[in-house]
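Numbering (the working numbering), first residue to last: 175 to 250. Here a beta-carbon is modelled for each residue, glycine too, at the ideal position from N, C-alpha and C. Data first, discussion second: the structure below is written as structure tokens.
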Amino acid sequence: MPVLAGDAGMPYPTFLAWSAPGCMLWSVIHVGLGYVAGPSYRTVERVAGAVGMVVLAAMLLVGLGTAAVRKYKSAH
């Protein structure tokens with residue numbers, strides 16, 4: 175983001191005025207989520223593992239479908 179702000183010509187004080195509170199808010203939210211989810215990490219691990227497998231299967235299906243469509247188009 176600093177590169178984008180610099181490319182856009184944003185003055186550093188303005189960038190700092192928005193970036194510092196944003197960074198603090200981001201860190202407080204993520205640490206808070208970790209604290210709240212900490213006791214149930216086994217459940218989070220199980221759900222994340224299941225979701226990861228579903229996402230992996232979806233990616234494989236999309237990849238195979240894309241390859242099949244490309245092969246079909248190149249043959250016809």
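Please state whether the Cβ-Cβ distance between residue i and residue j is less than 7 Å.
{"i": "Ala179", "j": "Phe189", "result": "yes"}
{"i": "Ala211", "j": "Val218", "result": "yes"}
Please classify residue i: does DSSP put it in a helix, a strand, or coil?
{"i": "Pro195", "result": "helix"}
{"i": "His204", "result": "helix"}
{"i": "Pro213", "result": "helix"}
The alpha helix (DSSP H) with residue i in it runs from where to where?
{"i": "Pro176", "result": "Pro176 to Asp181"}
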